Every structure is written in C-alpha cells, then in structure tokens.
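Shown next, in structure tokens, is the structure this report addresses.
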Amino acid sequence: MQPKYIIDDTEYLVTPIRRTDSIVLDINGHTQDVRLKWHDEHYGEITIAGKPSQFYAAQDEDRLYIHIDGKVWEVNIADEFGATQDDGNSSGNVTAPMPGVVIEVAVNQGDSVNQGDTVMLIESMKLQTEIKASVTGTVTSIGSEAGASFNKGAVLVSITAEEQS
Amino acid sequence: MRRIQSKLNTNSAEFKQYTQHNKNIITEFSNKQNDARFKRPQRDIDRLAKQNKMLPRERLDLLLDPGTPFLEFSSLAANMAYDGTAPSANCITGIGIVGGREVVINASDSSNKGGAWYPLTVKKIVRALDIAVENHLPVIHLCDSAGGFLPLQSDLFGDKYMAGRIFRNQVQLSKMGCKQLSLVFGHCTAGGAYTPALSDYSVIVNGTGAVFLGGPPLVKAATGEDVTVDELGGASMHTSVSGTCDYYAGSEREAIAIGREIVMQWEQKSKFALQRETPEDPYYDPTELLGIIPDDIKKQFDMKEVIARIVDGSRFSEYQPNYGETMICGFANIWGYKVGILGNNGVLFNDSTLKAAHFMALCNQNNIPLVFLQNITGYMIGKEYEQRGITKDGAKMLMIQGGVEVPKFTIMTNGSFGAGNYGMCGRSWDARTTFSWPQSQISVMGSDQAANTLVTIKLAQLKREGIEPDAKELEAIREQVLANYENQTSAYYTSSEIWDDGIISPVDTRNALGISISASLNAPFGDTKYGVLRL
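Have a look at this one:
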C-alpha cells in the first residue's frame, strides 16, 4: 500500500522504506528520516532530520488533525489502491457456502434487515457459522428451517433489496 | 506494514460473557499450575531442609540470570496420570538464560518422591533434550533423582524413546558441539550416573552429591564389599581420584556459582540472521483475547482478531486476502522477528489448502519461520470436494509443511480435529515448540461424530447378524464414547501426556513464541532444494 495524503490540495505520496529505530520515508521522491515517540494516545514527539517537535494529533475517519509548531494542519488520507474489491455478491439471495444443517433461523419473513446482520446459524464440519445478510432490505422467504439439512449453493434466505434513495 | 483494523466490540454482552468464561478457565489452570509447581508434602520439604538441600526452584532462581525469562515446559505433565502423585512429572524443564546464553534446563524435582523417574518423567526429559538437539542449545542438568520408579520400570526402560534415549541425546548433543553441564546435588545411581559422566562439565556437592553405578546396598549384595557413599562416589573421591566429576563444591550455592562461571566460558556462536525490526507491543490489548475465544468449541471466531493481539504493532501483511478465505496467511513480526503466520478461519477447502501450501513454500524460500494458530475441524468432506481432489490437496499441504527447512511453532488455540491437526503442524510434525490454550481440544474427530460413527457401525453389525438392535445398548455405547472423549480431548490430558510443551494463558502466547523463535535461531536454517510451485 502506498498511502496518499492531501494537505491544502497538494497530494503527497508516502512510501515507508525501512523501519528500524527510525522510519525512513520516501515522500514524493524525497527521503526523510523520522522518529516517532508517543507520550499518550494523542500527544507525542516527532523527530524529523534530527530536529524534535512536540505535536498533538487526532483522527476522525480519513481526516487527521495535527497541531505542531503552533499551527494546525488538516490532513486527508487517500489510499491510492484502497478501493475495496467488489465481491460480486449484491444479490439478495443468501446461499449456503457449504453443505450443512440449520441450527437457528434469526429472522422471520417480512423482517427488515441490514447488510451484515446475522440471519441464520448453520453447522457444518463441527463448526457453527453465522450467515449474514448480503444486502439491506426485507426478508421475502426462508429456504430451510431449523434442523433441516441443505446442500452447497442452496438459497438459505431471500432478501429483497431496499430501493436506493 | 498495515495494522489490522479490529472489528471487536469490547462493550458487547458477548465479549463480556466470553471474557468471564475464559477468566474462570484461566483461574482454574493457574491454580492447577501453582499446585504442580509448589504444593509438596511437608514431609518432603522437611527432609530436604534436613539434608541442607534447596528446593529445585530455589536452585533455578540462583542459576538463571536475574530478571530474565524462563520458558517452562510441560508444567502440567502427568497431571492426569499416576492419580496425580507425580506433579510436573517430578522434574522441571525449560529454556532459560545463564551468563547471557540461552540454555535448556533439566532439573530433577527431589521435593516429590525423591525426584524418581516415572515413564512421563523420562518422556519429558527426552523432549527437553530433543529441543536442545533441534535448536542447538547447551543443557544444564540439575541432578537429584532417586532413579527409575521400579513399579513402572517396564514402561520407562527398554524402548527406543525411553530412558536410554536421554543418554543417547546427551551423546548427540556433545557431538554437535552443544555443551552440557551437570550439577550433582543428590545421588546419581545406575543409569542416572551417566548424566554427569556424559556431560562435558560437572560439579559435585560434598556430602549430598554422589555418582555410582551401584549404591552401597547393591555393592554389599553383589560382592559382599562394605563401603560408604563417600568412598564409593562422593565429591572428594570423584574430583581427586576417579576424575569422573570436575569440580568439588562445599555447598549447593557454591556449586551453582561454579556452574555459572563454567557456562560463561562457553563460546557464543552467532545466531541465524533472521530479518528483524525494532520490537513493538501489539496495538490491541492481548488481554482482549479472553473476550474473543467463545464459550463453546463449535462457535467460530476470527483468527485475525487473535493475530492482532499477538504480533508487533498488530501489523499484518496478509497474503491472498480474497482467496481461500478459511485459511488466513500473512507476514508479521513477533518480538521484532519476521514470521509467516497460518491461522484457521473455518474448514479447509481445496483453495484454502492450496493457499496454505503455497504460502509455506514462499516462507521457506524466504527463510521465514512459520507460526501455526490451530483452530481446525478438518478438511472438507463430501462428494464435491473429493471430486475436486481434497485428499490430494491435503497431501500437498503435508508434503510442503513436513519438508520446509525453516523452524515451525504451533499454538493450539481451540479445536484440533482430524487431519487438520497434521496439516497445521500438530505434534508429529516437528514444531520446535507447541503450546496449548487451556480450553483447547484435540481428537481424531468430534465427540458427537465419533459416537454416531460407532453407533452406525454397531447397527450395521447387528443387522448383518439379524439381531434387533437394543436401544439401551446403543445409548450405552454412545455415552461411553462421549465420556472418554470428554476426558481425553481436553488440554489437560494433552499436556499430561506431553503431546505439547505446556498449557499457557492466551495472553502469554506472544512471549512464549518470542522466546521459542529466539532459541530456534541458534541452529542454522537448511537450504531449499527446489523452487516454489504455484499450486
């Protein structure tokens, strides 16, 4: 990963080269020797090219606020290759990843569910696996009831995706 | 290296419930371990005091460098054998630091049954010496044992890996250039006499230490000769007449001081130069591991959350994150040492099996030790998977795992069932060290599956014979299998039988691995003979 930071609309590409006592960073083609020491969660000391400075930092998602040398900087973190891979599963049908038995059905027909909610607990190969909703929407049918066995690929729960507003 | 983003909710009811559940398990384990280490009959403690002998752990405190770690092996060996009468199998073994050198310790525990060798004592000593052989470590023997426990002699004497193996390993070590020192605190009789005699250096304590092939009563019985212990094998005789021992010590403390001085003369060979970075504590608190391990062996947990609480800075460079997702592979650092980690996130399918095999070959090519975090119920079974060659793929994983030249380390975090135990470097596969978490389980298959399989076989047998199955009899078979399983799948049984190198609290995993990896670098890594196949 090559993290990209944006400060005042200027992009900086940062590559860590070596991590030993200090970190050697390549910033837009320039090498910098950096040493970082945290005093607590938000307060630390950073030594750049031998010159130490105290700083305060706070992170809000992809935004980093740094107070250093009497000035506050706002840094936006942009991950150049950070785009998450599409797993191709945007269908509302939750299918069985392997053959098994239903232990517990966690939803009823007509329930609304959020993506990632547990909809079913299955057991296969001595191991219980939680089956999660693939999309946010309404449960339209349950494929297998508790105690029933199923084959790989069987539709366990069908969900009609909520209209994107 | 990127930090793992933990998804663990430490405020959830589940987290709190699991934490409490596992705290209870760890308290039970700590109590058992404390008893095994320190609870001794007053009679034995008094006897040692009367003989001016220290307790074995007092000797260790003086021998080891102050403030350095001691990685004890198999503290719960024999906890389920001999009705619990041989705590820790009457001996203390482990890796410690003496004079700045990593050494294997083999100390008799004379505070129980005179330190007699039970069958599991022999197994524990042989294992400790195997660890010395595999990692090229010197050994310090603290000798104070009554010798073989005669009522069980047939289980500890004659076979290949029994008592003779202790001395055979001593010979191998010397041949390999691994130094050995014996501190003779008590009697070394018969076979036991060879431990100091086969050591490169030895110190003997006047008055209590003695070395001879047959003690005075045996000499009297065999030849009629009347002789005292000191004349036959005391400190003065052996250090001035026979030359069997090297140094005379007036007290145990002096013997230990002389021993430390000897060790400090030993050459310190350079270790294998494994890639290393400045060590960094895990970003996520290791005590949170207790809230990750579920209260039921069947419930799944995310091994990446475990890795985040073991490795430096919780940083993990994951390999093939979107392929064979039930197998987590990736690079990390522990105590600064570069390692390749393999952890289970479910059953091994064809793709996850091939991913593991390929990753191990990459680590081997790159001289990176392997750490296995086992929570495995096995390789996926069924028509579809057999047709895709799951047996063949499992064989590939075993062939590569068994063939790598880099050191391997195994942690039994939860379940270890069936062939998954083999693939993930179970005991038979020569991990340099293997440690178990207290709630972990090992068996050839799950208890329900085993019981049902046996009942199915019994039913078929009765049907062939034309007999109507008796429901009660079948239930009895089931219950017997389940009861046996409960007993024998537990980590306490595993550790009692020395199928591992000890039970540890999950929180101590990082340190146990750190010491193990550091020790393993005393032996050179081998050369890989062929390239990496993309499977």
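Residue numbers (the numbering used here), protein chains in the order written: chain S, 106 to 270; chain D, 195 to 729.
By construction, the Cβ of each residue, glycine as well, lies at the ideal position given by its N, Cα and C atoms.
Just so you know, these numbers come straight off a predicted model, no measurement behind them.
Which residues in the same chain as residue 428(D) place their Cβ atom closer than 6 Å to its Cβ, once the five residues preceding and following it in sequence are excluded? Position 234 of the second sequence, counted from the start, is the residue given in the question as residue 428(D). Listed in chain order, the non-local C-beta contacts of residue 428(D) below 6 Å within the same chain comprise 404, local neighbours out to five positions each way being set aside.
Return the chain-ordered ranges of every alpha helix (DSSP H) run that is complete within the segment 588-638 of chain D and spans a minimum of 4 residues. With a minimum length of 4 residues, the continuous alpha helix (DSSP H) runs that stay inside the segment 588-638 of chain D are 613-617.
Check residue 531(D) in the structure and name its three-state DSSP category. Locating residue 531(D) in the second sequence gives position 337, where the first residue counts as 1. Residue 531(D): strand per DSSP, three-state reduction.
Would you mind stating whether residue 267(S) and residue 241(S) have Cβ atoms separated by less than 8 Å? As a first step, residue 267(S) is located in the first sequence; it is residue number 162 there, counting from the start. As a first step, residue 241(S) is located in the first sequence; it is residue number 136 there, counting from the start. Closer than 8 Å, so yes.
Buried or exposed: where does residue 251(S) fall if 16 or more other Cβ atoms within 10 Å of its Cβ makes it buried? Locating residue 251(S) in the first sequence gives position 146, counting from the first residue. Label assigned to residue 251(S): exposed.
According to DSSP, simplified to helix, strand and coil, what is residue 690(D)? Numbered from its first residue, the second sequence carries residue 690(D) at position 496. Residue state, collapsed to three classes: helix.
Would you kindly work out how many angstroms separate the C-alpha atoms of residue 549(D) and residue 228(S), rounded to a whole number? Position 355 of the second sequence, counting from 1, holds the residue named residue 549(D). Position 123 of the first sequence, counting from 1, holds the residue named residue 228(S). If I take the Cα positions, the gap works out to 24 Å.
Distance CB(residue 600(D))-CB(residue 538(D)) smaller than 8 Å: As a working note, residue 600(D) is residue 406 in the second sequence. As a working note, residue 538(D) is residue 344 in the second sequence. Not closer than 8 Å, so no.
Compare the C-beta of residue 265(S) against all C-beta atoms of chain D and say whether one is closer than 8 Å. Working through the first sequence from its first residue, we reach residue 265(S) at position 160. It does not: the Cβ of residue 265(S) has no partner Cβ on chain D nearer than 8 Å.
Under 8 Å between C-beta atoms, does residue 708(D) make it to chain S? Reading the second sequence from its first residue, position 514 is the one you call residue 708(D). No, no contact with chain S.
Rounded to whole angstroms, what is the Cα-Cα separation between residue 442(D) and residue 313(D)? Looking up residue 442(D) in the second sequence gives position 248. Looking up residue 313(D) in the second sequence gives position 119. Using only the alpha carbons, I get a separation of about 32 Å.
Once you ignore the five residues that flank residue 253(S) on each side, which residues in its own chain have a CB closer than 8 Å to its CB? To locate residue 253(S), count along the first sequence from 1; it is residue 148. Counting only Cβ-Cβ distances below 8 Å, and skipping sequence neighbours, we find 206, 207.
Quick one: give me the first and last residue of the alpha helix (DSSP H) that residue 497(D) is part of. Counting from one through the second sequence, the residue named residue 497(D) turns up at place 303. From DSSP, the alpha helix (DSSP H) with residue 497(D) extends over 497-501.
According to a CB-to-CB cut-off of less than 8 Å, which residues of the segment 226-239 of chain S neighbour chain D? In summary, the residues of the segment 226-239 of chain S whose CB is separated from some CB of chain D by less than 8 Å are 228, 229, 230, 231, 232, 233, 234, 235, in the order they occur in the chain.
So which of 679(D), 713(D), 697(D) has the shortest CA-CA distance to residue 176(D)? One cannot answer for residue 176(D) here, as it falls past the ends of chain D, which runs 195 to 729.
Decide yes or no for the touch test of the segment 465-480 of chain D against the segment 497-515 of chain D: beta carbon pairs closer than 8 Å, at least 3 of them. With three or more CB-CB distances shorter than 8 Å, the segment 465-480 of chain D counts as touching the segment 497-515 of chain D.
Rounding to the nearest angstrom, what Cα-Cα distance links residue 232(S) and residue 262(D) in this structure? The residue given as residue 232(S) occupies position 127 in the first sequence. The residue given as residue 262(D) occupies position 68 in the second sequence. Using only the alpha carbons, I get a separation of about 41 Å.
In whole angstroms, give me the CA-to-CA distance for residue 499(D) and residue 381(D). By one-based count along the second sequence, residue 499(D) stands at place 305. By one-based count along the second sequence, residue 381(D) stands at place 187. CA-CA distance, residue 499(D) to residue 381(D), rounds to 51 Å.
Assuming residue 334(D) and residue 257(D) make a contact with CB atoms under 8 Å, what is their CB distance in whole Å? To locate residue 334(D), count along the second sequence from 1; it is residue 140. To locate residue 257(D), count along the second sequence from 1; it is residue 63. That belief holds up - the Cβ atoms of residue 334(D) and residue 257(D) are roughly 7 Å apart, short of 8 Å.
Within 8 Å (strictly less), CB to CB, does residue 463(D) reach chain S? To locate residue 463(D), count along the second sequence from 1; it is residue 269. Not an interface residue.
Residue 421(D) and residue 410(D) closer than 8 Å at C-beta: The residue labelled residue 421(D) in the question sits at position 227 within the second sequence. The residue labelled residue 410(D) in the question sits at position 216 within the second sequence. Contact: yes.
For chain D, is any of its Cβ atoms less than 8 Å away from the one on residue 124(S)? To locate residue 124(S), count along the first sequence from 1; it is residue 19. Taking Cβ atoms only, chain D reaches closer than 8 Å to residue 124(S), which makes this a yes.
Consult DSSP for residue 526(D) and reduce its assignment to one of helix, strand or coil. Within the second sequence, numbered from 1, the residue matching residue 526(D) stands at position 332. Three-state result, residue 526(D): strand.
For the putative contact between residue 413(D) and residue 392(D), defined by C-beta atoms under 8 Å, what is the C-beta separation to the nearest angstrom? Counting from one through the second sequence, the residue named residue 413(D) turns up at place 219. Counting from one through the second sequence, the residue named residue 392(D) turns up at place 198. For a cut-off of 8 Å, the C-beta gap from residue 413(D) to residue 392(D) is around 22 Å, too long to register as a contact.
Interface partners of residue 204(S) on chain D, CB under 7 Å: In the first sequence, the residue the question calls residue 204(S) occupies position 99. Here the neighbours are 576.
What number of angstroms, rounded off, separates the C-alpha of residue 608(D) from the C-alpha of residue 293(D)? If you number the second sequence from 1, residue 608(D) lands on position 414. If you number the second sequence from 1, residue 293(D) lands on position 99. C-alpha separation (whole angstroms): 37 Å.
Here's a check: name, in chain order, each residue in its chain whose Cβ is nearer than 6 Å to the Cβ of residue 449(D), leaving out the five neighbours to either side. Taking the second sequence and counting its residues from 1, the one referred to as residue 449(D) is at position 255. Cβ within range, chain order: 377, 397, 399, 443.
Once you ignore the five residues that flank residue 652(D) on each side, which residues in its own chain have a CB closer than 7 Å to its CB? In the second sequence, residue 652(D) corresponds to position 458, counting from 1. Excluding residues within five positions, the ones whose Cβ falls inside 7 Å are 668, 671.
Proximity test, Cβ basis, 8 Å: residue 142(S) and chain D: Indexing the first sequence from 1 puts residue 142(S) at position 37. Not closer than 8 Å to any Cβ of chain D, the Cβ of residue 142(S) fails to qualify, so no.
Under 8 Å, with one C-beta from each stretch per pair, do the segment 614-629 of chain D and the segment 577-595 of chain D reach the 3-pair mark? Because the criterion of three Cβ pairs below 8 Å is met, the segment 614-629 of chain D and the segment 577-595 of chain D touch.
Span of the beta strand (DSSP E) around residue 141(S): Taking the first residue of the first sequence as 1, we reach residue 141(S) at position 36. 135-143 is the extent of the beta strand (DSSP E) around residue 141(S).
Starting from the beta carbon of residue 257(S), find every residue of chain D whose beta carbon is closer than 7 Å, and list them in chain order. Taking the first sequence and counting its residues from 1, the one referred to as residue 257(S) is at position 152. Identification of chain D residues near residue 257(S) by a Cβ-Cβ cut-off of 7 Å yields 578, ordered along the chain.
Sort out for me which residues DSSP pairs residue 346(D) with in a bridge. Position 152 of the second sequence, counted from the start, is the residue given in the question as residue 346(D). Assignment of beta-bridge partners to residue 346(D) by DSSP yields no partner.
Could you list which residues in chain S have their beta carbon closer than 7 Å to that of residue 633(D), in chain order? Stepping through the second sequence from its first residue, residue 633(D) is reached at position 439. What residue 633(D) touches in chain S: nothing, since even the nearest Cβ is about 15 Å away.
Indicate whether at least one CB of chain S lies closer than 8 Å to the CB of residue 581(D). As a position in the second sequence, residue 581(D) is number 387, starting the count at 1. It does not; no Cβ of chain S falls within 8 Å.
Starting from residue 229(D) and walking both ways along the alpha helix (DSSP H), at which residues does that stretch end? Taking the second sequence and counting its residues from 1, one reaches residue 229(D) at position 35. Annotation: the continuous alpha helix (DSSP H) that includes residue 229(D) extends over 207-232.
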